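Enquirer: The numbering used here applies: residue 15 is where the sequence shown begins, and numbers increase by one.
Glycine included, each C-beta is placed from N, C-alpha and C at the ideal position.
Nothing here was measured: the structure is a model prediction, and the numbers come from that model.
Here's a structure for you.
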Amino acid sequence: MSRRLSLIPILLAAALTSCRNWVLEDRTQCPTLLCFDIANAGTFDRADYIHVVAFHYPEDVLLGKDTATVSSIQEREYYLKVRRSETVYGFGVAGFSKCHLQKETEWVVDRGADFGPLWRFDFRSSASEEQYLIPVEMVKDHCNITVSFDDFDMFPGTGGHFPYDIMVRSNTCGINALNGEPVKGNFFYEPKENPGGTFRFTVPRQFDRSLVVEVHDKEEYFGDTALVASFSVWSWAHATEDFSWTDKNLGDLSIVIKLTTGQYKVTVEPWRGDEGGYVYDF
15 MSRRLSLIPI LLAAALTSCR NWVLEDRTQC PTLLCFDIAN AGTFDRADYI
65 HVVAFHYPED VLLGKDTATV SSIQEREYYL KVRRSETVYG FGVAGFSKCH
115 LQKETEWVVD RGADFGPLWR FDFRSSASEE QYLIPVEMVK DHCNITVSFD
165 DFDMFPGTGG HFPYDIMVRS NTCGINALNG EPVKGNFFYE PKENPGGTFR
215 FTVPRQFDRS LVVEVHDKEE YFGDTALVAS FSVWSWAHAT EDFSWTDKNL
265 GDLSIVIKLT TGQYKVTVEP WRGDEGGYVY DF
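What follows is the structure in structure tokens.
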């Protein structure tokens, strides 16, 4: 018995020595995992992929960025690893494959392409620990527009097709994904005709009155097509009570035009999130 008791001090000494040699792992150099919870973000269908960018505050140093297809997101959560920082801020966009980022924050489309959908969110968070959960609310920064000509069959020889080409022009080519402001640039798109003289296209949030739909003769004169008519879509939308280019979530527009008289009718479909969805299945 006395021999067993004599072993106790030896074992205690060994345990204390072991504790002194045990050092906690330094994890300050490990990255922070930002978990974006998009379960309640609303619908951002028609988007091809999501792109998230994070910067250090206040020096605006890039800390991390990543791109993933929307279809690959599991359980409505998206993860981004960033270098540890006291405060990070940034944005995410769910958009169209024909759009791209310029200057790290501007989501723009090339001349000749439709803008497509743009769902956007911004965030600000600490990133000093291992993981942070960031709730996401998507904002709809695009407007789907349908233009129909209901009297084109009055023109002889149409064969059921609109006899003219349609061109959409604007001075806005994109959106600043960090603050939602329109990006100035030359937007030009020629939508294809759907059955019955109907044309559909998507534009970003506008900053001036430049958004127009032009009707051009299909025949070329001196290397260009002749302008038949020009309609100010911006002004028509601005004149309605239920639509504003400054709305948090842009609604969609349906415009019916009588080409022979220039009369028009604008119908606004406000965005209703998951309850409403898109007015048109493009």
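Have a look at Trp36 and Gln43 and give me their C-alpha separation to the nearest angstrom.
Expert: Within the sequence shown, the letter at position 22 stands for residue 36. Within the sequence shown, the letter at position 29 stands for residue 43. Annotation note: pLDDT 48 at Trp36 (below 50); position unreliable, coordinate value reported separately. In a straight line, the C-alpha of Trp36 is about 20 Å away from that of Gln43.
Enquirer: On the criterion of 16 or more Cβ atoms from any shown chain inside 10 Å, does Gly109 qualify as buried, or is it exposed?
Expert: Start at 1 with the first residue of the sequence shown, and residue 109 comes out as number 95. The residue in question, Gly109, is buried, as its Cβ has 16 or more Cβ neighbours within 10 Å.
Enquirer: Where Gln145 and Thr83 are concerned, what is the direct C-alpha to C-alpha distance, given to the nearest angstrom?
Expert: Taking the first residue of the sequence shown as position 1, residue 145 is located at position 131. Taking the first residue of the sequence shown as position 1, residue 83 is located at position 69. Looking at the two C-alpha atoms, the distance is approximately 23 Å.
Enquirer: Does the beta-carbon of Arg125 have 16 or more other beta-carbons within 10 angstroms, so that it is buried, or is it exposed?
Expert: For this step, residue 125 is matched to residue 111 along the sequence shown. So Arg125 ends up on the exposed side.
Enquirer: Hey, how far is the Cα of Ala240 from the Cα of His230?
Expert: Locating residue 240 in the sequence shown gives position 226, where the first residue counts as 1. Locating residue 230 in the sequence shown gives position 216, where the first residue counts as 1. Distance between the alpha carbons of Ala240 and His230: 5 Å.
Enquirer: Does DSSP put Glu73 in a helix, in a strand, or in coil?
Expert: The sequence position of residue 73 within the sequence shown is 59, counting from 1. Here Glu73 sits in coil by DSSP.
Enquirer: Quick one: what's got a C-beta closer than 6 Å to Ala53's C-beta in the same chain, skipping five residues either side?
Expert: Start at 1 with the first residue of the sequence shown, and residue 53 comes out as number 39. Taken in chain order, the residues that qualify are Arg90.
Enquirer: At 4 residues or longer, what runs of the alpha helix (DSSP H) sit wholly inside the region 179 to 257?
Expert: Listed in chain order, they are 247 to 252.
Enquirer: Which value, in whole angstroms, describes the spacing of the CA atoms of Tyr10 and Ser86?
Expert: Summary: the structure shown does not reach residue 10, with the chain confined to residues 15 through 296, and so no result is reported for it.
Enquirer: So, is Asn200 buried or exposed, given that buried needs 16 or more other C-beta atoms within 10 angstroms?
Expert: Position 186 of the sequence shown, counting from 1, holds the residue named residue 200. Answer is exposed; the Cβ neighbour count stays below 16.
Enquirer: State buried or exposed for Gly218, treating a residue as buried only when at least 16 other CB atoms are found within 10 Å of its CB.
Expert: Start at 1 with the first residue of the sequence shown, and residue 218 comes out as number 204. The residue you asked about is not Gly; residue 218 is Pro in the sequence shown. Pro218 comes out buried.
Enquirer: Give the straight-line distance between the Cα atoms of Ser258 and Asp266, rounded to the nearest whole angstrom.
Expert: Taking the sequence shown and counting its residues from 1, one reaches residue 258 at position 244. Taking the sequence shown and counting its residues from 1, one reaches residue 266 at position 252. Computed Cα separation, rounded: 11 Å.
Enquirer: Could you check which residue in Asp222, Phe105, Ile271 has the C-alpha nearest to that of Ile180?
Expert: Residue mapping note: residue 180 aligns to position 166 of the sequence shown, counting from 1. Taking only the C-alpha atoms, the option nearest Ile180 is Ile271.
Enquirer: Rounded to whole angstroms, how far is the Cβ of Val282 from the Cβ of Thr254, which I believe are closer than 8 Å?
Expert: Within the sequence shown, residue 282 is the residue found at index 268, counting from 1. Within the sequence shown, residue 254 is the residue found at index 240, counting from 1. Val282 to Thr254, Cβ: 5 Å. Contact.
Enquirer: Applying the 10 Å Cβ sphere with the 16-neighbour rule, what's the burial state of Glu120?
Expert: Translated into the one-based positions of the sequence shown, residue 120 becomes position 106. Answer is buried; the Cβ neighbour count reaches 16.
Enquirer: Does Ala141 pass the burial test, meaning 16 or more other C-beta atoms within 10 Å, or should it be called exposed?
Expert: What you label residue 141 is simply residue 127 of the sequence shown in a count that begins at 1. Looking at its Cβ environment, which holds 16 or more other Cβ atoms inside 10 Å, Ala141 is buried.
Enquirer: In whole angstroms, what separates the C-alpha of Val102 from that of Pro209?
Expert: What you label residue 102 is simply residue 88 of the sequence shown in a count that begins at 1. What you label residue 209 is simply residue 195 of the sequence shown in a count that begins at 1. Using only the alpha carbons, I get a separation of about 49 Å.
Enquirer: Count the other CB atoms within 10 Å of the CB of Thr260; is the residue buried (16 or more) or exposed (fewer)?
Expert: The count along the sequence shown starts at 1 and reaches residue 260 at position 246. Answer is exposed; the Cβ neighbour count stays below 16.
Enquirer: On the three-state DSSP scale, how would you describe Tyr278?
Expert: On the sequence shown, position 264 is the one that residue 278 refers to. Strand at Tyr278.
Enquirer: Can you check DSSP and say which residues form a bridge with Ser162?
Expert: The sequence position of residue 162 within the sequence shown is 148, counting from 1. Thr212, Val270.
Enquirer: Starting from Lys95, trace the beta strand (DSSP E) in both directions and tell me its first and last residue.
Expert: In the sequence shown, residue 95 corresponds to position 81, counting from 1. Here the beta strand (DSSP E) through Lys95 covers 91 to 96.
Enquirer: Determine the direct distance from the alpha carbon of Leu77 to that of Trp248, and round the result to whole angstroms.
Expert: On the sequence shown, residue 248 is found 234 positions in, with the first residue counted as 1. On the sequence shown, residue 77 is found 63 positions in, with the first residue counted as 1. If I take the Cα positions, the gap works out to 38 Å.
Enquirer: Less than 8 Å between the C-beta atoms of Asp51 and Ile189, yes or no?
Expert: On the sequence shown, residue 51 is found 37 positions in, with the first residue counted as 1. On the sequence shown, residue 189 is found 175 positions in, with the first residue counted as 1. Not closer than 8 Å, so no.
Enquirer: What are the start and end residues of the beta strand (DSSP E) that includes Arg134?
Expert: In the sequence shown, the residue the question calls residue 134 occupies position 120. Note, Arg134: beta strand (DSSP E), 132 to 141.
Enquirer: Using 8 Å for Cβ pairs, my map puts Arg183 next to Ser224. What's the rounded Cβ distance?
Expert: Here residue 183 corresponds to residue number 169 of the sequence shown, with the count starting at 1. Here residue 224 corresponds to residue number 210 of the sequence shown, with the count starting at 1. With 8 Å as the limit, Arg183 and Ser224 qualify as a contact, their Cβ atoms being about 7 Å apart.
Enquirer: Starting from the Cα of Val67, find the closest Cα among Ser268, Leu192, Tyr278, Ala243 and give me that residue.
Expert: Here the question's residue 67 lines up with position 53 in the sequence shown. For the residues Ser268, Leu192, Tyr278, Ala243, the minimum Cα distance to Val67 belongs to Leu192.
Enquirer: So what does Glu283 bridge to, in DSSP terms?
Expert: What you label residue 283 is simply residue 269 of the sequence shown in a count that begins at 1. For Glu283, which the question treats as bridged, DSSP gives the partners Asp266.
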